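J.: Sharing a structure below in structure tokens format, with a few things to ask.
2 protein chains.
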Amino acid sequence: MGFVVGVDLGGTATKIAVFNEQGEIRASTQIKTRTEDGGKHILGDIASAVRAVLNEEAIELDELVGIGVGVPGPVMDGRTVTSCVNLGWGETDVASFLERELGCKCRIGNDANVAALGEAWKGASRDTHSSVMITIGTGVGGGVIVNDRIITGFHGGGGEVGHFPIHPGVQGRVCGCGSPYCLEAFTSANGVVADYLVATGKNMSCEEVFDAAKNGEPEALAVVDNMQRLLGQACAFIASVVDPEVFVIGGGVSKAGEFLAEGIRKYYDHYVFSSIKGSKIVLAELGNEAGVYGAAKLVLSD
Amino acid sequence: MGFVVGVDLGGTATKIAVFNEQGEIRASTQIKTRTEDGGKHILGDIASAVRAVLNEEAIELDELVGIGVGVPGPVMDGRTVTSCVNLGWGETDVASFLERELGCKCRIGNDANVAALGEAWKGASRDTHSSVMITIGTGVGGGVIVNDRIITGFHGGGGEVGHFPIHPGVQGRVCGCGSPYCLEAFTSANGVVADYLVATGKNMSCEEVFDAAKNGEPEALAVVDNMQRLLGQACAFIASVVDPEVFVIGGGVSKAGEFLAEGIRKYYDHYVFSSIKGSKIVLAELGNEAGVYGAAKLVLSD
Numbered sequence: 001m002g003f004v005v006g007v008d009l010g011g012t013a014t015k016i017a018v019f020n021e022q023g024e025i026r027a028s029t030q031i032k033t034r035t036e037d038g039g040k041h042i043l044g045d046i047a048s049a050v051r052a053v054l055n056e057e058a059i060e061l062d063e064l065v066g067i068g069v070g071v072p073g074p075v076m077d078g079r080t081v082t083s084c085v086n087l088g089w090g091e092t093d094v095a096s097f098l099e100r101e102l103g104c105k106c107r108i109g110n111d112a113n114v115a116a117l118g119e120a121w122k123g124a125s126r127d128t129h130s131s132v133m134i135t136i137g138t139g140v141g142g143g144v145i146v147n148d149r150i151i152t153g154f155h156g157g158g159g160e161v162g163h164f165p166i167h168p169g170v171q172g173r174v175c176g177c178g179s180p181y182c183l184e185a186f187t188s189a190n191g192v193v194a195d196y197l198v199a200t201g202k203n204m205s206c207e208e209v210f211d212a213a214k215n216g217e218p219e220a221l222a223v224v225d226n227m228q229r230l231l232g233q234a235c236a237f238i239a240s241v242v243d244p245e246v247f248v249i250g251g252g253v254s255k256a257g258e259f260l261a262e263g264i265r266k267y268y269d270h271y272v273f274s275s276i277k278g279s280k281i282v283l284a285e286l287g288n289e290a291g292v293y294g295a296a297k298l299v300l301s302d
Numbered sequence: 001m002g003f004v005v006g007v008d009l010g011g012t013a014t015k016i017a018v019f020n021e022q023g024e025i026r027a028s029t030q031i032k033t034r035t036e037d038g039g040k041h042i043l044g045d046i047a048s049a050v051r052a053v054l055n056e057e058a059i060e061l062d063e064l065v066g067i068g069v070g071v072p073g074p075v076m077d078g079r080t081v082t083s084c085v086n087l088g089w090g091e092t093d094v095a096s097f098l099e100r101e102l103g104c105k106c107r108i109g110n111d112a113n114v115a116a117l118g119e120a121w122k123g124a125s126r127d128t129h130s131s132v133m134i135t136i137g138t139g140v141g142g143g144v145i146v147n148d149r150i151i152t153g154f155h156g157g158g159g160e161v162g163h164f165p166i167h168p169g170v171q172g173r174v175c176g177c178g179s180p181y182c183l184e185a186f187t188s189a190n191g192v193v194a195d196y197l198v199a200t201g202k203n204m205s206c207e208e209v210f211d212a213a214k215n216g217e218p219e220a221l222a223v224v225d226n227m228q229r230l231l232g233q234a235c236a237f238i239a240s241v242v243d244p245e246v247f248v249i250g251g252g253v254s255k256a257g258e259f260l261a262e263g264i265r266k267y268y269d270h271y272v273f274s275s276i277k278g279s280k281i282v283l284a285e286l287g288n289e290a291g292v293y294g295a296a297k298l299v300l301s302d
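From first to last, the protein sequence lines stand for chains A and B.
The opening position of the first sequence corresponds to residue 1 in this note's numbering, with each subsequent residue numbered one higher.
The opening position of the second sequence corresponds to residue 1 in this note's numbering, with each subsequent residue numbered one higher.
Okay, structure coming up:
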């Protein structure tokens, strides 16, 4: 009998959830992420918040099996963040700090990878052993699960599908990483907004573009179709590398629902080689909670 | 103390090697692959050849730990070939047949995957835990190794990088799978020959095109450069999925050597996102023996 804490550490807010041994959320809380002063308060704040929530639930620290943390940056060997501009961090040994503070083991992972693990544990890809999640929001991230585990990659680049060099490039469009070719620059919410602006001269949010497309507006339909084509092609690339049982589409933009997923499926089947056409492509189910689920699972599958 | 047999089952010839426990080849032989009569003689021929070579070496059948086989087709659960046109086979339970004939365990794998495992065991990617091999010959195949194991994929599509939908397509060029977009149609030996024919009207072998490029002939250089660009871009895609420690370039076309590898490296660094530029891209070392090494390793790592 024990408990596991899952932490989703974001640039603005940090979500914390306490799971029982059945993988059910027993309690949760959310705190502001204090990124000032080089982010030096962040880990202490997390430890304090964990102690407070355990105290409220009358759970002793020694009932804690471990704590998992999803972080918005590259992670080395499940313990250390190489650097994380959003948090103000240089190289930071997250695991050693929290292990010392809380007296239990700690494992950390990249947030997009951890969300994929959460969906594979309790969400859209549960009951599978291999899945790939593509998270479409302001940017595009991803996570690759094979044999129930995250593929982190030798340099931490596993699942960085937002940086697929998939596009020949267009004038004036560059990914945050500096490349003109990245999937992210064309299929993120920002990419959709930029494409619609180029096509019509009008500035609309990504959600508004999708609503217009659903209402049959030709320019919006063309922008969404192009985004779906690139995402379907991206899934076909992924399938030729790891051939997962299911693709999971998540992130804020996935609220567009089946309207989004259908187009991705159509183009996946167009691009992928014949013997694996028809792979499952589904919408994420855990929403903003995927991160805390996956973080807890990091500890449980260690 | 025991021995393992590795078999590389090809459409024309079948190579068989007997390994000792240190992973050294103790004896080897080669037989013709009899594809007539729906390939019904193939497995019996292998069993007979294995018995003969063991007999010559005075090795008893009960000293055999197992037999691994690389086959030129898709494989289910390490035991059964779904179908294999080159061998005349429909669904064929290779493992059960050889286990019954030889009284030891049998594991099978797709030939390109198995070659990648061989290089990871004793070749260019030895001493790494993650690697991706791209085999460039008449076609383009691949194998993905993570945590020392082949990623076969849910439908057996793991490592099928020859079917990357990487090209917008050109008139009259179609991959064997029916798609106009596949990497294989543009970067295989056949693709190079076709590109050179389009550019010059002249019919040269792939080797001759590479020789001409090495001698500075502009048309040949342009054809080779385009092939290297696509392969470098393909490696960048792979890196954003599994981020391996090393890429291994093998197959007959890799005899072009560093001249080929250098261009692939250049374009990899051009296309891949900044934090993983400079990944190792090396030439295969085991040549035609990669298959028997990988086949033996299938058994040893099971």
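We treat Cβ as the ideally placed atom computed from N, Cα and C, and that holds for glycine.
Just so we're clear, the structure is a prediction, and the values are computed from it rather than from any experiment.
Counting contacts by CB-CB distance shorter than 9 Å, is A:T152 in contact with chain B?
T.: yes
J.: Taking B:G250 and B:A290 to be in contact with their CB atoms under 8 Å, please state how far apart those CB atoms are, rounded to whole angstroms.
T.: 7 Å
J.: In chain A, what lies closer than 9 Å to B:D243 by C-beta?
T.: Neighbours of B:D243 on chain A, chain order: I151, T152, G153, F154, H155, G156, G157, G158, G159, E160.
J.: Excluding the 5 residues preceding and the 5 following B:E258 in the sequence, name in chain order all residues of the same chain whose CB lies nearer than 8 Å to its CB.
T.: Cβ within range, chain order: L283.
J.: Given this structure, state the Cα-to-Cα distance separating B:G139 from B:L231, to the nearest angstrom.
T.: 13 Å
J.: Could you work out which residue in B:V161, B:E160, B:E184, B:G156 is closest to B:G169 when comparing CA atoms only?
T.: B:E184
J.: Could you say which of B:T92, B:N203, B:M204, B:G123 lies nearest to B:I108 if we only look at CA atoms?
T.: B:T92
J.: When you check each C-beta in the segment 234-264 of chain B against every C-beta of chain A, which residues fall closer than 8 Å?
T.: A236, F237, I238, A239, S240, V241, V242, D243, P244, E245
J.: In the DSSP assignment, the beta strand (DSSP E) including A:M133 goes from what residue to what residue?
T.: 131-136
J.: What's the call for B:D77, buried or exposed, on a 16-neighbour Cβ count within 10 Å?
T.: Note on B:D77: under 16 other CB atoms within 10 angstroms of its CB, so exposed under the neighbour-count rule.
J.: Let's see if you can read the secondary structure: which residues bound the beta strand (DSSP E) around A:Y277?
T.: What sits at residue 277 of chain A in the sequence shown is Lys, not Tyr. Element bounds for A:K277: n/a, residue is neither H nor E.
J.: Can you confirm whether the segment 268-279 of chain B touches the segment 227-241 of chain B when touching is taken to mean that 3 or more C-beta pairs between the two stretches lie within less than 8 Å?
T.: Between the segment 227-241 of chain B and the segment 268-279 of chain B there are three or more C-beta pairs closer than 8 Å, enough to call the two in contact.
J.: Under 9 Å between C-beta atoms, does A:P218 make it to chain B?
T.: Judged by the 9 Å Cβ criterion, A:P218 is not in contact with chain B.
J.: Does DSSP classify A:P218 as helix, strand or coil?
T.: Helix, per DSSP.
J.: Got a sec? Which residues, its chain only, sit under 8 Å from B:C146 by beta carbon, not counting five neighbours each side?
T.: Looking at the sequence provided, one finds Val at residue 146 of chain B rather than Cys. Beyond the five residues adjoining it in sequence on each side, B:V146 comes within less than 8 Å, by CB distance, of H129, S130, V242, P244 in the same chain, given in chain order.
J.: Going by beta carbon distance, what residues of the same chain come within less than 6 Å of B:F210, once the five residues before and after it are set aside?
T.: A256
J.: Go through its chain and collect everything with a Cβ distance to A:H167's Cβ below 8 Å, but skip five positions before and after it.
T.: Within the same chain, Cβ atoms closer than 8 Å to the Cβ of A:H167 are found at P180, Y181, C182, L183, A185, F186, L230, the five residues on either side in sequence being excluded.
J.: Based on the DSSP output, what are the partners of B:N110 in its beta bridges?
T.: B:V71
J.: Along chain B, in chain order, which residues have C-beta atoms closer than 9 Å to that of A:C177?
T.: F273, S274, S275
J.: Under 9 Å between C-beta atoms, does B:I145 make it to chain A?
T.: no
J.: Is the beta carbon of A:V7 sitting closer than 9 Å to the one on A:G90?
T.: no
J.: Taking the continuous beta strand (DSSP E) assigned at A:G143, which residues delimit it?
T.: 140-146
J.: Quick one, which of A:L197, A:E57, A:T14, A:R26 has its alpha-carbon nearest A:G303's?
T.: The requested residue 303 of chain A is not part of the displayed model; chain A covers only 1 to 302.
J.: Alpha carbon to alpha carbon, how far is B:R149 from A:G156? Give it in angstroms, no decimals.
T.: 19 Å
J.: Answer yes or no: does any C-beta atom of chain A fall closer than 9 Å to that of B:H163?
T.: Yes - at least one Cβ of chain A is within 9 Å of the one on B:H163.
J.: Please report the straight-line C-alpha distance between A:N215 and A:E208, rounded to a whole angstrom.
T.: 10 Å
J.: What are the residues in the segment 117-131 of chain B lying within 7 Å of chain A by C-beta distance?
T.: S130
J.: Please list, in chain order, the chain B residues whose beta carbon lies closer than 7 Å to that of A:P74.
T.: A:P74 reaches chain B at S275, counting residues in chain order whose Cβ is nearer than 7 Å.
J.: Answer with yes or no whether the minimum CB distance from B:S301 to chain A is below 9 Å.
T.: So, not an interface residue.
J.: Out of curiosity, what's the CA-to-CA distance linking A:E99 and A:V299?
T.: Looking at the two C-alpha atoms, the distance is approximately 12 Å.
J.: With B:A17 as the anchor, note down where its beta strand (DSSP E) starts and where it stops.
T.: Residues 13-19.
J.: Would you please state the rounded distance, in angstroms, between the beta carbons of A:T35 and A:G88? I believe it to be under 8 Å.
T.: Contact annotation, A:T35 with A:G88: C-beta distance approximately 5 Å; criterion of less than 8 Å satisfied.
J.: From the beta carbon of A:C84, is the nearest beta carbon of chain B less than 9 Å away?
T.: no
J.: Just the chain B side, please: which residues come within less than 8 Å of A:Y181 by C-beta, in chain order?
T.: Y271
J.: Taking only beta-carbon atoms, is A:I166 less than 9 Å away from chain E?
T.: Among the chains of the structure shown, chain E does not appear; the protein chains present are A and B.
J.: Give the straight-line distance between the Cα atoms of A:S312 and A:V132, rounded to the nearest whole angstrom.
T.: Because chain A spans 1 through 302 in this model, residue 312 of chain A falls outside it and cannot be assessed.
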